[in-house]
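Quick notes on the structure that follows.
There are 2 protein chains.
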Amino acid sequence: MAVGSVSAGPDAVEEDVVGDARRFDVVGIGNAIVDVIAHVDHDFLEAEGLVPGSMTLVEEAEAARLYAAMPPAVETSGGSAANTIAGVASLGGRVAYVGKVRDDQLGDVFRHDIQAVGVQYTTAPATSGPSTARCLVLVTPDAERTMRTFLGVSTSLGVAEIDPDALASTAIVYAEGYLWDAEDAKTAIRTAMETARRAGARVAFTLSDTFCVERHRSEWLGLLDEHVDVVFANEGELCSLFEVDDVEEALRRVTVHTDLACVTRSAAGSTLLHADGRRVDVPAWSTGTVLDTTGAGDLYAAGVLRGLTSGVDLRTAGWLGSVAAGECVSHTGPRPQTRLADLVARVPVPLDRPPVV
Amino acid sequence: MAVGSVSAGPDAVEEDVVGDARRFDVVGIGNAIVDVIAHVDHDFLEAEGLVPGSMTLVEEAEAARLYAAMPPAVETSGGSAANTIAGVASLGGRVAYVGKVRDDQLGDVFRHDIQAVGVQYTTAPATSGPSTARCLVLVTPDAERTMRTFLGVSTSLGVAEIDPDALASTAIVYAEGYLWDAEDAKTAIRTAMETARRAGARVAFTLSDTFCVERHRSEWLGLLDEHVDVVFANEGELCSLFEVDDVEEALRRVTVHTDLACVTRSAAGSTLLHADGRRVDVPAWSTGTVLDTTGAGDLYAAGVLRGLTSGVDLRTAGWLGSVAAGECVSHTGPRPQTRLADLVARVPVPLDRPPVV
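Heads up: the protein sequence lines correspond to chains A and B, in order. Numbering-wise, my numbering puts 927 at position 146 of the first sequence, and it's gapless, one number per residue. Numbering-wise, my numbering puts 970 at position 189 of the second sequence, and it's gapless, one number per residue.
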């Protein structure tokens, strides 16, 4: 079954009456995080011993120490899958999100921001335990972001908190690899993937981060085989998964494990490769400004997921990803600052080959 | 005594040893507030019955209701005097801030952001009572901001919390008119002004908001007479203070009550008028981008205060205000996003009159 033409599933007859086969295009599951973003120079990273571009988990005390050393910051909702789901909503998709915050002020901020963009978000906040997750994002003048994440209460997401009705009525369920760093959340996601698949949904998964891939490589290869239809990764993550240096070699291998691989290649755009042999290489798109790459991969996934659930071809799906990512990097913060549905309507899909003149 | 040449005061002999007559250039006192900023269209303001450009105080329940109706937002430290003090710090001045937050997450954000820019901020957070103050800032496409403020714990600032040592060792104490909406804070500010003056400091005050002026007009005229050396206002606020329509008439009247008036005139720049008859009209300055006017008046005051405490002439002080305000309106949020000391070094003061060619 091609991903772009999701079947209506067993309950289609009734739901077709209201014109939609399923309630949701995408249900996302992830660590619910508020980003704390500051612009720094490379000297700051060096003084702190931080590897540019890395994402590292930290305990609350280390997060507090680094925060105290950081310049003034702005707070904005983040979380990889949450950014993606907010992006799909901004592109006009029908979406829901599952992720855990606490009943604290940053939890309120997270809830407000995702609901305000039209996402169904009903996960109950924790009333005790660690605080809402925070990601300290240090953006350098080259627009690269280096992240230190305190996962807080987000790791306590349990199986019971993932609404089976939502999973049974979505075209795609989308989960982030970052969840694998928490045992409870990991179990919850596996269960969710199984539930969704039984109901006829497709499963999409992002590899999230090269260090994440290293920690979970063998488990994830099994996961792709058993559960995942669509995988998102950047070149480094994909190469790490197969422990190869050549991205073409990694691309050849990945579609043995999954139907569709969507691989971002920074300024070179992205490659979408289907197990049936179809391949498209899609250019990047830019507003002309590249200020902060935080969320660029998340928003690329948003564009592709919106494309896959609206029946367009792979090339167009990839292009939606390029445009959503291009908007994202043009400003500080990982969530869209313009209505992406309006933006993509103004940016035509480029032709497959340059026109002959 | 000219404002620009602050006397060293009685303790000057010892302090001159380290090269500075006083520990601080400016100590600011204000409502410590976190801004919650969203971009909306005018239809949103109309649907909510909000007057464009207004600042209105609201209770927590109304703040929560409006927040729920708002689009996704970003959180950033605000507060009028706090923005000004952060600006003076960014311009290289030595500054302290007094204002009350709670021991909650937004209070932590406020504390971090003001300390991270080099401001001495030691006011102890409240451990009970209302939460940290929030200002819901709705920015329209014309860059105008409309504000709804929940003052929370900020109004509980007491006399005991204003460090008399800081007041005794600053060149200028700067207070915001917004404080007059809380009885405790008002008393604290009057006491602070008296303490500072006795120690030889000058007192600066901003009228803050036309509605604020209306609420406190007669009290403020007495305050200017008794306590205030430098007043900041925009044209509307100054006219409201004297209940006149003509800003020139208001300018003539204000220097009867205070030594120096610094009046912002939007795109027309500002006028600085001294009681001794000196007057300068200073043009506005722009990066070319006007995105969000939140904090523009606060940053104008920062530039002028930095000028007044570094011995430059009135024209240069006003120009520092123009540049600081121009940077402020070029981005979302009221705090500087570049080091203003570097920026002003690149932007020469324009000549008083156009050169003859």
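Glycine included, each C-beta is placed from N, C-alpha and C at the ideal position. Keep in mind the model is a prediction, meaning the values are calculated, not measured.
Asked, Found
"8 Å Cβ cutoff met for PHE931 of chain B and ALA813 of chain B", "no"
"Nearest-angstrom Cα separation, counted from LYS967 of chain B out to ASP1123 of chain B", "36 Å"
"Contacts that GLU856 of chain B makes with chain A (C-beta to C-beta distance below 8 Å)", "VAL855, GLU856, THR857, VAL890"
"Where the beta strand (DSSP E) containing ILE810 of chain B begins and where it ends", "805-810"
"Supposed contact pair GLY868 of chain B and ASP1079 of chain B - C-beta distance, whole angstroms, cut 8 Å", "7 Å"
"CB of VAL1125 of chain B within 8 Å of CB of GLY1099 of chain B, strictly", "no"
"Under 7 Å by beta carbon: chain A residues contacting PRO852 of chain B", "ALA897"
"Near-chain B residues of the region 863-890 of chain A (beta-carbon distance less than 7 Å), N- to C-terminal order", "ASP885, GLN886, LEU887, VAL890"
"Under 7 Å by beta carbon: chain B residues contacting ARG1116 of chain A", "PRO853"
"Spatial distance of GLU975 of chain B from HIS1008 of chain B (CA atoms)", "7 Å"
"Short Cβ contact (8 Å threshold) for LEU919 of chain B with VAL821 of chain B", "yes"
"Short Cβ contact (8 Å threshold) for GLY809 of chain B with VAL876 of chain B", "yes"
"Interface flag, ASP894 of chain B vs chain A, CB-CB below 8 Å", "yes"
"N-terminal and C-terminal residue of the alpha helix (DSSP H) that HIS893 of chain A is part of", "886-897"
"Cβ pair GLY1102 of chain A, SER1051 of chain A closer than 8 Å", "yes"
"Short Cβ contact (8 Å threshold) for VAL879 of chain B with SER912 of chain B", "no"
"Nearest-angstrom Cα separation, counted from CYS993 of chain B out to ALA982 of chain A", "57 Å"
"Segments assigned alpha helix (DSSP H), at least 4 residues, entirely inside the region 893-931 of chain B", "none"
"Which listed residue (B:GLY1069, B:MET836, B:ARG979, B:ARG915) has its alpha carbon closest to that of ARG883 of chain B", "B:ARG915"
"Nearest residue (CA-CA) to SER989 of chain B, options B:ARG804, B:LEU1072, B:THR837", "B:THR837"
"Test: TYR848 of chain A CB closer than 8 Å to a CB of chain B", "yes"
"ARG1127 of chain B at chain A interface by Cβ criterion, 8 Å", "no"
"Three-state secondary structure assigned by DSSP to ALA952 of chain B", "strand"
"Spatially closest choice to PHE805 of chain A from A:ALA907, A:TYR959, A:ASP944, A:GLU1016, by CA coordinates", "A:ASP944"
"Spatial neighbours of ALA850 of chain A in its chain, beta-carbon cut-off 6 Å, leaving aside the 5 residues before and after", "none"
"Where GLU957 of chain A falls: helix, strand or coil (DSSP)", "strand"
"Buried versus exposed call for VAL832 of chain A [16 or more other C-beta atoms within 10 Å across all chains shown]", "exposed"
"Environment of GLU942 of chain B [buried if 16+ CB atoms lie within 10 Å]", "buried"
"PRO1131 of chain A, buried or exposed, once every other Cβ within 10 Å from all chains shown has been counted against 16", "exposed"
"DSSP-derived helix/strand/coil call for ARG979 of chain A", "helix"
"Backbone CA spacing between ASP1027 of chain A and ALA1105 of chain B [nearest angstrom]", "50 Å"
"Three-state secondary structure (DSSP) of ILE970 of chain B", "helix"
"Between the CA atoms of THR921 of chain B and ASP965 of chain B - distance to the nearest angstrom", "34 Å"
"Delimiting residues of the beta strand (DSSP E) encompassing ALA819 of chain A", "814-820"
"Candidates B:VAL1037, B:ARG1046, B:TRP1066, of which the one nearest HIS1055 of chain B by Cα", "B:VAL1037"
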